[in-house]
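A short write-up of the structure that comes next.
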Amino acid sequence: MKTLLIICTILLPLSGVVAQNKYTSTKGFVSFFAKAPVADVDAKNNKVKVALNPSDGEVTFDMAMKDFEFKNGKMGRDAEKKYLETEKYTTAGFKGKILGKIDYDKPGSYPVTAKGKLKIHGVEKEVSEKGTVVVDKEGVKLLSDFTVALADYKIETPKILGQKMTAEKIQVKIDAKLMKGAKEVASKKKD
Numbered sequence: 001m002k003t004l005l006i007i008c009t010i011l012l013p014l015s016g017v018v019a020q021n022k023y024t025s026t027k028g029f030v031s032f033f034a035k036a037p038v039a040d041v042d043a044k045n046n047k048v049k050v051a052l053n054p055s056d057g058e059v060t061f062d063m064a065m066k067d068f069e070f071k072n073g074k075m076g077r078d079a080e081k082k083y084l085e086t087e088k089y090t091t092a093g094f095k096g097k098i099l100g101k102i103d104y105d106k107p108g109s110y111p112v113t114a115k116g117k118l119k120i121h122g123v124e125k126e127v128s129e130k131g132t133v134v135v136d137k138e139g140v141k142l143l144s145d146f147t148v149a150l151a152d153y154k155i156e157t158p159k160i161l162g163q164k165m166t167a168e169k170i171q172v173k174i175d176a177k178l179m180k181g182a183k184e185v186a187s188k189k190k191d
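Going by UniProt numbering, the first residue of the sequence shown is number 1, and it counts up by one from there.
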């Protein structure tokens, strides 16, 4: 029993150090947009869970599809039901690595490439997208802007008021502000 107590006393502080080195957020922002003849498809989600391990560049994004808010409420309900099938495919996400030289101790803007698996609509695809990591005294910001082909993820091209949307790709934007693990826990307590 005494040995177990000594081991726990040694390991417990070390587990906190590992968690504090990770940058996280539960309020990451992801949007998608597509131009359409009758009404544009425009949705935003600001409840995206994001984690970045600066020691190896591993990054994850996890989001509930129902958390996307559409500019047009009826369009959103139709998209969720008919095209995104959010009852069946409840989440989407990305798991991969950020590649590029980043000095997390030096404020600045760093061009990077994120490589990994993007999962949408139950389909997982290997992707490589350009982005930017912005380091400042408050944390890290992840930015990216890229397109996704609906057919790659077996999403039927939506019809709006009976007309098929002309865009077969959607524009995706990511803007996620991450804080070091301990700081985010502290900020949650204030809410």
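In this text, a Cβ means the ideal position worked out from N, Cα and C, and glycines have one as well.
Classification of residue i by the beta-carbon crowding that lies within 10 angstroms, buried from 16 upward
{"i": "LEU161", "result": "Here LEU161 scores only 49 on pLDDT, less than 50, and its place in the model is too uncertain to base an answer on."}
{"i": "residue 215", "result": "The displayed coordinates of the chain run from 1 to 191. Any statement about residue 215 would go beyond what the structure contains."}
{"i": "GLU129", "result": "buried"}
{"i": "ALA114", "result": "buried"}
{"i": "ALA42", "result": "One point to set straight first is that residue 42 is Asp, not Ala, in the sequence displayed. ASP42 is buried by the Cβ-count criterion."}
{"i": "GLY96", "result": "buried"}
{"i": "GLY108", "result": "exposed"}
{"i": "PRO54", "result": "buried"}
{"i": "VAL148", "result": "buried"}
{"i": "VAL38", "result": "exposed"}
{"i": "THR90", "result": "exposed"}
Option in the options with minimal Cα separation from residue i
{"i": "ILE155", "options": "LEU99, TYR83 and MET65", "result": "TYR83"}
{"i": "THR132", "options": "ALA176, TYR153, GLU168 and MET75", "result": "ALA176"}
{"i": "PHE94", "options": "LYS180, ALA39, VAL38 and GLY28", "result": "GLY28"}
{"i": "GLU138", "options": "ILE170, LYS106, MET179 and SER109", "result": "MET179"}
{"i": "ASP103", "options": "ALA34, SER144, THR90 and ASP56", "result": "ASP56"}
{"i": "PHE68", "options": "LYS106, SER144, THR86 and LEU118", "result": "THR86"}
{"i": "LYS173", "options": "ASN46, PRO37, VAL59 and LYS119", "result": "ASN46"}
{"i": "LYS71", "options": "PRO37, LYS44, ASP145 and LYS106", "result": "LYS44"}
{"i": "VAL48", "options": "PHE146, TYR110, THR24 and LYS106", "result": "THR24"}
Those residues which DSSP pairs with residue i across a bridge
{"i": "PRO111", "result": "THR132"}
{"i": "SER144", "result": "GLY131 and ILE174"}
{"i": "PHE94", "result": "PHE61 and LEU118"}
{"i": "LYS88", "result": "For LYS88, which the question treats as bridged, DSSP gives no partner whatsoever."}
{"i": "ASP42", "result": "PHE33"}
{"i": "LEU52", "result": "TYR23 and VAL59"}
Whole-angstrom distance between residue j and residue i, CA atom to CA atom
{"i": "ASN21", "j": "VAL140", "result": "12 angstroms"}
{"i": "ALA79", "j": "VAL30", "result": "17 angstroms"}
{"i": "LEU99", "j": "VAL112", "result": "6 angstroms"}
{"i": "GLY76", "j": "THR26", "result": "23 angstroms"}
{"i": "VAL127", "j": "VAL135", "result": "24 angstroms"}
{"i": "ALA51", "j": "PHE33", "result": "24 angstroms"}
{"i": "GLN171", "j": "LYS119", "result": "16 angstroms"}
Chain D within 8 angstroms of residue i, Cβ atoms only
{"i": "GLY57", "result": "Among the chains in the structure shown there is no chain D, since it carries only a single protein chain."}
heavy atom of the ligand FMN below 7 angstroms from residue i C-beta
{"i": "ASP175", "result": "Only the bare structure without any ligand can be found here, which leaves the ligand FMN out of the picture."}
### Task
Mind the definition here: the segment 105-123 touches the segment 145-153 only if three or more C-beta pairs lie below 8 angstroms; say whether that holds.
They touch, by the three-pair rule.
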